[in-house]
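Residue numbers (our numbering): 404 to 725. Structure first, then comments.
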């Protein structure tokens with residue numbers, strides 16, 4: 404197979420198109436002939452040496468892929484060679500073949516082509532697990548999404564609206580906010596010019612990718628019984644938390660991650676995959692939640708895609724075709 408490898412941590416140019424030995428599916432795994440993968444912020448961190456894969460995962464970058472089932476490992480049921488699927492990965496997506504636990508496979512949603520499907524697993528599993536399984540977002544509540552124009556944000560807006568929530572977003576330009584509005588966002592906040600606490604007024608659920616930089620204001624914007632879910636640290640790792648304000652609001656602050664979760668268990672990836680397949684995929688098939696793909700690059704040109712994400716102009720996802 405061919406894959407993108409990283410010769411040493413650094414900028415986009417440290418990635419190389421390399422020929423490697425084909426992976427083989429182990430027990431409970433499926434081998435995919437990869438059609439496409441997608442770029443996530445975590446990929447850039449891994450390339451820079453800041454986000455190593457969990458133990459046992461592939462060293463190759465890439466947290467999702469779409470493709471065709473090429474082989475089944477021992478004990479796999481429910482899938483056949485030739486099935487078109489997409490998959491959540493702990494690593495290995497930037498390659499022409501990848502082995503993945505069968506419990507992390509999803510069928511390609513109805514109405515979505517195989518290449519575009521590569522943009523869905525990471526955002527779908529992240530958003531559904533955090534907004535629905537963890538934060539219990541309900542119709543009539545207000546959801547605040549930071550980074551509304553990104554891959555997670557564009558998906559979260561649509562899921563929030565499909566669930567009947569009022570959706571507020573932050574983004575850094577009028578153009579990016581306009582795209583959020585097209586996806587259904589009700590309240591648009593330019594974080595470079597406006598205070599989201601004042602503009603939003605109150606939120607029942609906050610989905611935050613900033614971490615430390617927004618912690619105090621996120622707590623301030625929460626309504627009574629509000630839920631703050633931190634999924635990123637683009638604004639730093641450490642901040643002071645006023646527990647008095649948290650207690651007064653009966654609020655919760657939770658940090659969650661997806662990549663290092665086990666396959667099985669109540670918070671495992673297999674459960675999240677099953678929930679997404681049962682509850683979110685029908686919304687995708689109905690066109691109520693749509694993939695948002697900014698651009699498509701050949702996998703061999705992954706460095707160009709990373710540079711595009713670095714410059715801050717991407718809305719939604721970047722897809723890499725194998």
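Yeah, the Cβ is synthetic: ideal placement off N, Cα and C, and Gly gets one too.
*Is residue 488 helix, strand or coil by DSSP?*
strand
_Beta-carbon proximity list for residue 679, same chain, < 7 Å, skipping 5 on both sides_ = 509, 527, 528, 531
*asked:* Using the three-state DSSP reduction, which class does residue 668 fall into: helix, strand or coil?
replied: Coil at residue 668, not helix or strand.
*Looking only at its own chain, which residues have a Cβ that is under 6 Å from the Cβ of residue 609, when we skip the five neighbours before and after it?*
547, 621, 631
*the stretch 424-432 contacting the stretch 469-488, beta-carbon criterion three pairs below 8 Å*: yes
*Anyone know if the C-beta pair for residue 438 and residue 518 falls short of 7 Å?*
yes
*Output the boundary residues of the beta strand (DSSP E) element that contains residue 560.*
It is not in any beta strand (DSSP E) - residue 560 instead sits in the alpha helix (DSSP H) that spans 554-565.
*Just list the alpha helix (DSSP H) runs in the stretch 441-478, keeping only unbroken ones of 4 residues or longer that don't cross its boundaries, in chain order.*
444-450
*Contiguous alpha helix (DSSP H) assignments of at least 4 residues, all confined to the stretch 520-553*: Taking only runs of at least 4 residues, the alpha helix (DSSP H) segments lying wholly in the stretch 520-553 are 524-530.
_Top-ranked residue by Cα proximity to residue 611, from 551, 488, 672_ = 551
*asked:* For the pair the stretch 564-578 and the stretch 640-648, tell me if three or more CB-CB distances fall below 8 Å.
replied: No: the two stretches stay apart, fewer than three of their Cβ pairs being nearer than 8 Å.
*With residue 629 and residue 614 assumed to form a contact (beta carbons below 8 Å), what rounded beta-carbon distance in angstroms separates them?*
That pair is no contact at about 17 Å.
*May I ask which residues mark the beginning and end of the alpha helix (DSSP H) holding residue 593?*
Residue 593 -> not in any alpha helix (DSSP H); beta strand (DSSP E) instead, spanning 590-593.
*Look at residue 718 and residue 582 and say whether their C-beta atoms are less than 7 Å apart.*
yes
_First and last residue of the uninterrupted alpha helix (DSSP H) at residue 725_ = Unbroken run through residue 725: none, as it is neither H nor E.
_In this structure, how does DSSP classify residue 676 when only helix, strand and coil are distinguished?_
helix
_Stretch pair the stretch 483-498 + the stretch 457-471: three plus CB contacts closer than 8 Å_ = The stretch 483-498 makes contact with the stretch 457-471, as at least three CB pairs between them are under 8 Å.
*Distance CB(residue 605)-CB(residue 633) smaller than 7 Å*: Going by C-beta atoms, residue 605 is not nearer than 7 Å to residue 633.
_For residue 554 and residue 539, the rounded distance between their alpha carbons_ = 21 Å
_Given residue 470 as reference, the closest of 559, 637, 523 once Cα atoms are compared_ = 523
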